[in-house]
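Asker: Attaching a single structure in structure tokens format; questions to follow.
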Amino acid sequence: MAAPVGRLCHVSLHVPRGQPLARDLQRSFGFRPVAVREAGGWRQLALRSGDAVFLVNEGAPGSGDGREGPLYDVDPAHAVPTASNVCFEVAGVRGAVGALRALGCQVVVQPRAVADAQGSVTYAVVRSPVGNLSHTLLERGAYRGPFLPGFQGCGGPDGAGPDGPWFSHVDHIALACPRGSSSSWRRWYQECLGFRRFCLDPADDHPEHGLEIRAGRAGGLRLTSLRAPPGSQAPLLVLGESLPGLPGARDQIELFLAQHGAPGLQHVGLYTGDVLDSARRVAEAGGRLVTPPDAYYQQAGKVEQMVAAGQDVAKLAELGILLDRDGGQGDGARYLLQVFTKPLFSEETFFLELIQRRGATGFGQGNIRALWEALEKHLADFQEARQPR
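If you read the sequence shown in full-length UniProt numbering, its first letter stands for residue 1, the second for the next number, and so on.
In structure tokens, the structure reads:
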């Protein structure tokens with residue numbers, strides 16, 4: 001029997017002390033610090049935009065040598081910066097751990113209660129089958145503090161700046177998978193955490209193998225999507241693996257696996273009610289957005305979609321925003337807008353997506369080819385820049 005997850009609490013990222021991730025999330029993406037903890041060689045900072053929360057864990061050298069690990073997480077001891085924990089609230093931690101243990105899951109932190117003057121919570125940590133990714137299961141109860149017990153509040157509890165939050169919540173979480181692994185990992189999330197299969201395209205999305213999108217020299221992408229359990233407010237979960245391509249060609253999934261050193265959390269989709277405004281804020285604040293090829297905004301079919309959706313093609317092109325319409329929606333009423341950031345670390349690994357939905361339920365699979373071309377160009381430029389002069 002599964003241990004169904006409730007709402008998303010936060011996504012944890014692990015970086016070395018002094019790495020500028022926390023600063024970049026504030027300056028370039030409008031996140032606001034809400035709580036901090038410093039203990040055992042760790043500095044943990046919770047940053048919020050709307051209901052989207054990142055917990056940045058900074059470990060000092062040697063912080064894992066016999067000392068207590070970060071609170072509400074485990075030290076991944078990973079060679080490069082990584083997003084390695086997704087924390088979900090559950091109705092009862094002890095019952096969830098019992099159910100997961102019966103299913104053969106590895107529980108790395110047994111149920112533990114933490115309390116302060118604002119109340120108490122109970123949490124445990126379970127390993128996922130996806131590389132270094134773990135899941136904290138948390139029973140919040142009636143905790144009244146700005147984040148969680150053990151943290152000191154800093155800044156405003158709502159995480160909003162003077163102009164309000166840039167993003168409202170996490171829309172989806174995408175995992176990078178080696179070829180052939182997404183089917184078994186899909187079953188794990190279904191059987192253990194109660195996720196349900198979500199069909200992206202009734203015509204082509206295979207119940208077992210997912211949706212194949214052929215694109216670019218590198219081959220393309222296989223997507224498998226999962227919806228949170230009934231009654232849950234958790235984001236959608238997307239499993240992505242690359243398809244075989246031309247010899248020597250390498251796509252961003254394969255590059256993630258190589259530079260991250262393992263499968264893992266590739267990107268987080270942040271929802272905004274106005275992606276043009278959010279993308280402009282990010283760009284003006286120094287955030288680096290992926291630029292699609294100019295030809296994307298000149299394709300007759302794509303231009304027709306943009307015009308039918310009431311969008312200004314030039315404004316979308318200026319910010320690199322992609323538009324995709326749900327299949328079968330001839331009036332253009334159901335579509336999404338999305339733009340991707342470049343990686344947040346020096347490695348070509350974790351990045352963010354800014355997304356706005358106008359009735360669409362997919363992930364812009366019609367834009368995958370354009371994104372693939374843009375990222376292939378970016379990767380080529382990146383590799384060229386790294387060549388010795």
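Beta carbons are placed, not taken as given, at the ideal position from N, Cα and C, and that holds for glycine.
Which first and last residues belong to the beta strand (DSSP E) in which Tyr123 is found?
Answerer: Run containing Tyr123: 119 to 127, per the beta strand (DSSP E) assignment.
Asker: Look at the alpha carbon of Gly69 and the alpha carbon of Ala22, and state the distance between them as a whole number of angstroms.
Answerer: One C-alpha to the other measures close to 19 angstroms.
Asker: Does DSSP classify Gln110 as helix, strand or coil?
Answerer: In the structure shown, Gln110 sits in a strand (DSSP, three-state: E or B).
Asker: Can you grab the Cα-Cα spacing for the pair Phe351 / Cys177, in whole Å?
Answerer: Approximately 16 angstroms between the Cα atoms of the pair.
Asker: Residue range of the beta strand (DSSP E) that Gly59 falls in?
Answerer: Looking at the DSSP string, the run of the beta strand (DSSP E) that includes Gly59 is 52 to 59.
Asker: Going by C-alpha distance, which of Gly194, Gln118, Met1 is nearest Arg144?
Answerer: Taking only the C-alpha atoms, the option nearest Arg144 is Gln118.
Asker: Looking at the structure shown, is Trp42 part of a helix, part of a strand, or coil, going by DSSP?
Answerer: Strand, per DSSP.
Asker: Compare the Cα-Cα distances from Val290 to each of Ala333, Gln338, Thr272 and report the closest residue.
Answerer: Checking every option, the nearest Cα to that of Val290 belongs to Gln338.
Asker: By the DSSP assignment, the alpha helix (DSSP H) with Ala174 in it spans what residues?
Answerer: Unbroken run through Ala174 is the beta strand (DSSP E), 169 to 177; no alpha helix (DSSP H).
Asker: So the beta strand (DSSP E) Cys9 belongs to, where does it begin and stop?
Answerer: It spans 8 to 16 - the beta strand (DSSP E) in which Cys9 sits, taken as one unbroken run.
Asker: With distances taken from CA atoms, which of Leu103, Gly30, Glu89, Arg325 is nearest Leu200?
Answerer: Closest option to Leu200, Cα to Cα, is Arg325.
Asker: Taking 6 angstroms as the limit between beta carbons, can you name the residues of its chain near Glu89, skipping five residues before and five after?
Answerer: Once the five neighbours on either side are set aside, the close Cβ partners of Glu89 are Gly6, Arg7, Cys9, Leu138, Arg140.
Asker: Is it buried or exposed for Gly330, if we count other Cβ within 10 angstroms and need 16 for buried?
Answerer: Residue placement at Gly330 is flagged as unreliable, the pLDDT there being 46, under the threshold of 50; the coordinate-derived value follows with that caveat. So Gly330 ends up on the exposed side.
Asker: Should Arg17 go down as buried or exposed, given a rule of 16 or more other Cβ atoms within 10 Å for buried?
Answerer: By the 10 Å Cβ count, Arg17 comes out exposed.
Asker: Sort out for me which residues DSSP pairs Leu323 with in a bridge.
Answerer: Note: Leu323 sits in a beta bridge opposite Leu337.
Asker: State buried or exposed for Gly328, treating a residue as buried only when at least 16 other CB atoms are found within 10 Å of its CB.
Answerer: Confidence at Gly328 is low in this model, with a pLDDT of 47, below 50, so the placement of that residue should be treated as unreliable; the coordinate-derived value is given next. The residue in question, Gly328, is exposed, as its Cβ has fewer than 16 Cβ neighbours within 10 Å.
Asker: With three or more C-beta pairs closer than 8 angstroms as the rule, is the segment 33 to 45 touching the segment 341 to 361?
Answerer: In short, these stretches do not touch, since the Cβ pair count stays below three.
Asker: Distance, Cα to Cα, Ala115 vs Leu25?
Answerer: Their Cα atoms are separated by approximately 28 angstroms.
Asker: Using a 10 Å radius around the Cβ and a threshold of 16 neighbouring Cβ atoms, would you call Gly50 buried or exposed?
Answerer: Looking at its Cβ environment, which holds 16 or more other Cβ atoms inside 10 Å, Gly50 is buried.
Asker: Considering only the alpha carbon of each residue, which of Ser225, Leu344, Ser120 lies closest to Gly286?
Answerer: It is Leu344 whose Cα lies nearest to the Cα of Gly286.
Asker: Arg197 by DSSP, collapsed to three states: which one?
Answerer: It is a strand residue.
Asker: Determine the direct distance from the alpha carbon of Leu221 to that of Asp251, and round the result to whole angstroms.
Answerer: C-alpha separation (whole angstroms): 9 angstroms.
Asker: Of the residues Thr272, Val93, Ala333, Val11, which one's Cα is nearest the Cα of Ile321?
Answerer: Nearest option by C-alpha distance: Thr272.
Asker: Near Pro111, which residues of its chain fall below 7 angstroms by C-beta distance, leaving aside the five closest residues on each side in sequence?
Answerer: Result list for Pro111: Val93, Arg94, Val97, Thr122, Ala124, in chain order.
Asker: Please classify Gly301: does DSSP put it in a helix, a strand, or coil?
Answerer: In this structure, Gly301 counts as helix in the three-state DSSP scheme.
Asker: Quick check on the DSSP output: the beta strand (DSSP E) that includes Gly104 runs from which residue to which?
Answerer: Here Gly104 belongs to no beta strand (DSSP E), and DSSP marks it neither H nor E.
Asker: Could you tell me which residues DSSP puts in a beta bridge with Asn85?
Answerer: Partner(s): Ser12, Ser134.
Asker: Please name the residue, chosen from Ala99, Asp274, Asn85, Arg196, that lies closest to residue 469 on a Cα-to-Cα basis.
Answerer: Since the first residue shown for the chain is 1 and the last is 389, residue 469 is missing from the structure and cannot be characterised.
Asker: For Val56, which of Ser232, Pro20, Arg101 has the nearest alpha-carbon?
Answerer: For the residues Ser232, Pro20, Arg101, the minimum Cα distance to Val56 belongs to Pro20.
Asker: Starting from Ala255 and walking both ways along the alpha helix (DSSP H), at which residues does that stretch end?
Answerer: A small fix is needed here, since residue 255 is Leu in this sequence, not Ala. That run of the alpha helix (DSSP H) goes 252 to 260.
Asker: Look up Phe351 in the DSSP assignment and say whether it is helix, strand or coil.
Answerer: Three-state result, Phe351: strand.
Asker: Give the DSSP bridge partners of Ile213, in chain order.
Answerer: Answer by DSSP bridge pairing, in chain order: Leu221.
Asker: Assign Leu316 to one of three DSSP states: helix, strand, or coil.
Answerer: Leu316: helix per DSSP, three-state reduction.
Asker: Do Val15 and Glu58 have their C-beta atoms within less than 8 angstroms of each other?
Answerer: Result yes, Cβ atoms of Val15 and Glu58 sit closer than 8 angstroms.
Asker: Going by CA-CA distance only, name the one from Glu241, Leu323, Phe147, Ala234 that's closest to Arg48.
Answerer: The residue with the shortest Cα to Cα distance from Arg48 is Phe147.
Asker: Tell whether a beta-carbon distance below 8 angstroms holds between Leu71 and Gly164.
Answerer: Cβ atoms of Leu71 and Gly164: not closer than 8 angstroms.
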